[in-house]
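Asker: Sharing a structure, written as structure tokens. Questions coming.
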Amino acid sequence: MQIQKSFKPSPYGTLYLVPTPIGNLEDMTFRSLSILKTVDLIAAEDTRNTGILLKHFEIPTRQTSFHEHNAFRKIPDLIAFLESGKSIAQVSDAGLPSISDPGHDLVLAAIEKGINVVSLPGASAGITALIASGLVPQPHIFYGFLPRKASQQKAFFEQKHSYPETQIFYESPYRVKETLSNMLSVYGDRQVVVVRELTKLYEEYQRGSITEVIDFIEDNPLKGECLIIVSGLEDDRKDLELENTDVLTMVNELISNGLKPNQAIKKVAKEYQLNRQEVYNTYHHLNDQH
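For the sequence shown, UniProt numbering begins at 1 and goes up steadily by one.
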């Protein structure tokens with residue numbers, strides 16, 4: 001077991017995971033700017049992209065390239081740099097590090113050596129798009145990029161078909177239509193939202209059934225960075241056919257008969273084929289909170 005006291009004095013430097021804007025430079029946080037200015041080195045997925053950001057905010061900190069093709073070779077040097085007492089900010093091209101870049105391997109190496117790893121909150125395309133999508137935000141699952149081959153995609157969707165959670169994917173604009181077609185063949189015609197150019201001038205949300213969005217894309221080819229957000233199996237909200245008062249009554253009756261709250265919630269959800277999280281939220285009045 002290991003306990004990290006993030007801001008307790010340490011003989012080592014700190015590995016900071018710094019989010020960068022996913023499009024709009026104004027989404028850069030004050031804390032992120034401060035860290036980028038004060039660390040000894042910035043490990044960037046693409047030094048050209050990060051260079052534009054640093055130039056915009058007049059940050060002179062030195063960069064080093066750190067991406068999937070050189071990570072195995074660079075990690076020992078970065079760890080030695082941190083062990084010497086100097087700090088590093090790791091950044092991806094856009095959004096949070098470690099999600100779609102080799103940052104996770106660097107994090108594991110730092111943790112193994114007892115080096116503090118500090119993440120900064122900031123822009124994340126998946127969550128940013130989810131909360132404006134109109135689909136149920138909780139629970140959700142983020143998968144990132146999908147397999148490219150149709151057979152692999154369909155096999156992936158077969159595995160996730162019965163998941164009740166809203167699902168978030170990244171996809172190339174050139175593959176979205178084919179991906180949606182593969183999804184349709186496995187999931188059926190669920191509700192989906194395709195989001196493109198998030199935070200940029202041409203930001204767009206395409207909301208509808210999978211077939212409706214495919215038809216729209218046929219006449220309006222996609223451009224720019226894209227996400228696909230699709231409803232989970234139970235997002236038809238059959239579980240909402242029961243009024244909240246009915247759910248509360250059933251849960252409270254089971255509790256009065258000796259079950260613990262969580263046992264009662266699980267039993268009601270299973271017996272009436274409801275979303276367990278929704279029953280939990282109803283019982284604890286979380287649906288009324290904002």
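All residues carry an ideal CB built from backbone N, CA and C; glycine is no exception. All of these numbers come straight from a predicted model, not from anything done at the bench.
Helix, strand or coil: how does DSSP classify residue 271 here?
Answerer: In the three-state DSSP reduction, residue 271 falls in the helix class (H, G or I).
Asker: Please state if the CB of residue 171 and the CB of residue 323 are separated by a distance shorter than 7 Å.
Answerer: The question about residue 323 has no answer, for the chain in this structure spans 1 to 290.
Asker: Check for me: the alpha helix (DSSP H) holding residue 128 runs from which residue to which?
Answerer: 125-133
Asker: Kindly indicate if chain D contains any beta-carbon less than 7 Å away from that of residue 19.
Answerer: In the structure shown, chain D does not exist; there is a single protein chain.
Asker: Can you confirm whether the segment 93-109 touches the segment 10-22 when touching is taken to mean that 3 or more C-beta pairs between the two stretches lie within less than 8 Å?
Answerer: yes
Asker: Please confirm whether residue 14 and residue 87 have their CB atoms less than 7 Å apart.
Answerer: A contact, by the Cβ cut-off of 7 Å.
Asker: Enumerate in chain order the residues of its own chain whose CB-to-CB distance from residue 103 is below 6 Å, with the five nearest sequence positions on each side excluded.
Answerer: 90 and 97
Asker: Cβ of residue 296 within 7 Å of Cβ of residue 196?
Answerer: The requested residue 296 does not occur in the structure, where the chain is confined to residues 1 to 290.
Asker: Would you say the segment 50-63 touches the segment 26-38, given that touching needs at least three Cβ pairs under 8 Å?
Answerer: yes
Asker: How big is the Cα-Cα spacing for residue 111 and residue 211?
Answerer: It is roughly 46 Å from the alpha-carbon of residue 111 to the alpha-carbon of residue 211.
Asker: Pick out whichever of 279, 192, 184 and 119 has its Cα sitting closest to the Cα of residue 29.
Answerer: 119
Asker: Going by other Cβ atoms of all chains shown within 10 Å of its Cβ, with 16 needed for buried, is residue 153 buried or exposed?
Answerer: By the 10 Å Cβ count, residue 153 comes out buried.
Asker: I need the DSSP call for residue 235, collapsed to helix, strand or coil.
Answerer: Confidence in residue 235 is poor, its pLDDT being 44 and thus under 50, which makes the residue's placement unreliable; the coordinate value appears in the next sentence. Note: residue 235 maps to helix in three-state DSSP.
Asker: Fully enclosed by the segment 181-238, which beta strand (DSSP E) runs are 3 residues long or longer?
Answerer: If we require 3 residues or more, the beta strand (DSSP E) runs fully inside the segment 181-238 come out as 191-196, 204-209 and 226-230.
Asker: Determine, using beta carbons only, whether residue 65 and residue 47 come nearer to each other than 7 Å.
Answerer: Yes.
Asker: Taking all protein chains shown into account, decide if residue 271 is buried (16 or more other Cβ within 10 angstroms of its Cβ) or exposed.
Answerer: exposed
Asker: Given this structure, state the Cα-to-Cα distance separating residue 257 from residue 277, to the nearest angstrom.
Answerer: 22 Å
Asker: If you draw a straight line from the C-alpha of residue 7 to the C-alpha of residue 176, how long is it?
Answerer: 43 Å
Asker: Compute the Euclidean distance between the alpha carbons of residue 83 and residue 99, then round it to the nearest angstrom.
Answerer: Their Cα atoms are separated by approximately 24 Å.
Asker: Quick one: give me the first and last residue of the beta strand (DSSP E) that residue 144 is part of.
Answerer: 140-145
Asker: What does a CB cutoff of less than 7 Å around residue 273 pick up in its chain, not counting 5 residues either side in sequence?
Answerer: Sequence-distant Cβ neighbours of residue 273 in its own chain, meaning closer than 7 Å and more than five residues away, do not exist here.
Asker: Could you compute how far the alpha carbon of residue 183 sits from the alpha carbon of residue 204?
Answerer: 21 Å
Asker: Of the choices 27, 68, 80 and 42, whose alpha-carbon is the least far from that of residue 128?
Answerer: 27
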